[in-house]
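**Student:**
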Amino acid sequence: METNIIYNKSSKIMSEIEDKSVDLVVTSPPYNININYGNTTKKGKTIKTKSKKYKDNLEEKEYRNLLKNVFDECKRVVKEDGSIWINIKNRYKNGVIVSPFWIEEYFEDMYLKNIIIWNFDWGGSTNKRFAPRYEYVYWFTKHKSNYKFNLDDVKVPALNYRPDRYKNQLKNPSDVWRIPMVSGNYLERTGHPAQYPEKLIERVILAGTNKGDIVLDPFMGSGTTAVVAKKNKRNYIGYEIENEYIEMANSRLKNI
Ligand SMILES: C[S@@+](CC[C@H](N)C(=O)[O-])C[C@H]1O[C@@H](n2cnc3c(N)ncnc32)[C@H](O)[C@@H]1O
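The numbering used here applies: residue 6 is where the sequence shown begins, and numbers increase by one.
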């Protein structure tokens, strides 16, 4: 099975990947909020491309079917001690929240270990409600107790270190992660309209895999998952239907 490759095709069928061969899946699926995929942005301006362009405004049933299909494939390829991590957020319909908790139904045969709140300080402003400043990261394991969790590799400095109480100054980062969004002036910023930050994925990959393991992202976008995997000596496999984004990802990977 080939690794360190991003396939330019839909992840609905991942026939290139053998059953129970992947250590960890981490991904951010399309949110179905009418994002202009296929195009890129440069200095705030949209640059249109000729690619086929995924439509991010599917009928709700079609959208959920797509995710179910891809998640079923992820479950097929994940090892018995492997994990699936999914970054998703609330949507709004006519001013009312549609939460993403329905995805839990698709993982009833796995174990939900955490719902991480990824908190950031950026987003649209509103005076009709509190401004939304978080997304979720779901963590499911295939086995109830036999799974990788390298807590020591992701501990953070304790703010109120008390030598009389704690052995050292590092602590569990908790299930609320404050990590900035990728803003326009960040070095890692690409022209992809929905890029997630390397720091967010780094914590997932360090906690959930060891060097040499295989990480899969079925919605690879600009290649953030592959970049973090490569930087941390893990192998990656990705799927992405927009060719422009694969080119973006490969140019990021070349520079590592
Ligand atoms: C939320 S974005 C992922 C962004 C990525 N995490 C990053 O940091 O750049 C979702 C991506 O899924 C791609 N996509 C949509 N449907 C797909 C499918 N069926 N198979 C593979 N990729 C798909 C879109 O083109 C888009 O780039």
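Yeah, the Cβ is synthetic: ideal placement off N, Cα and C, and Gly gets one too. If you're wondering where the values come from, they're calculated on a predicted model, not measured in any experiment.
Looking at the secondary structure, which residues open and close the alpha helix (DSSP H) in which K66 lies?
**Tutor:** Start and end: 65 to 82.
**Student:** Does the Cβ of I5 lie closer than 8 Å to at least one heavy atom of ligand 1?
**Tutor:** One cannot answer for residue 5 here, as it falls past the ends of the chain, which runs 6 to 261.
**Student:** Considering only heavy atoms of ligand 1, does any lie closer than 8 Å to the CB of K94?
**Tutor:** No, Cβ of K94 sits at least 8 Å from all heavy atoms of ligand 1.
**Student:** If you measure from the CB of P34, is any heavy atom of ligand 1 nearer than 8 Å?
**Tutor:** Result yes, Cβ under 8 Å from ligand 1.
**Student:** Determine the contact status of E203 and K236, defining contact as a CB-CB distance below 9 Å.
**Tutor:** Contact flag set, yes.
**Student:** List the DSSP bridge partners of V187.
**Tutor:** For V187, which the question treats as bridged, DSSP gives no partner whatsoever.
**Student:** Check whether the segment 32 to 40 and the segment 58 to 67 touch, using three or more Cβ-Cβ pairs below 8 Å as the test.
**Tutor:** These segments touch.
**Student:** Secondary structure at F106, three-state DSSP: helix, strand or coil?
**Tutor:** Three-state result, F106: helix.
**Student:** Where do the ends of the alpha helix (DSSP H) carrying L213 lie?
**Tutor:** It should be noted that the sequence gives Gly, not Leu, for residue 213. Unbroken alpha helix (DSSP H) run through G213: 203 to 213.
**Student:** Take the Cβ of A254 as the centre, count every other Cβ of all protein chains shown within 10 Å, and call the residue buried at 16 or more, exposed below.
**Tutor:** With 16 or more other Cβ atoms within 10 Å, it is buried.
**Student:** Would the beta-carbon of I22 be found less than 8 Å away from any heavy atom of ligand 1?
**Tutor:** No; taking the cut-off as 8 Å, the Cβ of I22 has no heavy atom of ligand 1 nearer than that.
**Student:** Would you mind reading off the limits of the beta strand (DSSP E) that contains I275?
**Tutor:** The shown model of the chain, from 6 to 261, leaves out residue 275, and the question about it has no answer.
**Student:** Can you grab the Cα-Cα spacing for the pair W182 / K118, in whole Å?
**Tutor:** If you take the alpha carbons of W182 and K118, they lie about 15 Å apart.
**Student:** Within 8 Å: the Cβ of N235 and any heavy atom of ligand 1?
**Tutor:** Looking at the sequence provided, one finds Lys at residue 235 rather than Asn. Every heavy atom of ligand 1 is 8 Å or more from the Cβ of K235, so no.
**Student:** Give the DSSP bridge partners of W90, in chain order.
**Tutor:** According to DSSP, which records beta bridges pairwise, W90 is partnered with V31, W144.
**Student:** Enumerate in chain order the residues of its own chain whose CB-to-CB distance from S256 is below 7 Å, with the five nearest sequence positions on each side excluded.
**Tutor:** Same-chain partners within the cutoff: there are none.
**Student:** Pick out whichever of S20, V31, I10 has its Cα sitting closest to the Cα of I210.
**Tutor:** The shortest C-alpha separation from I210 is found at V31.
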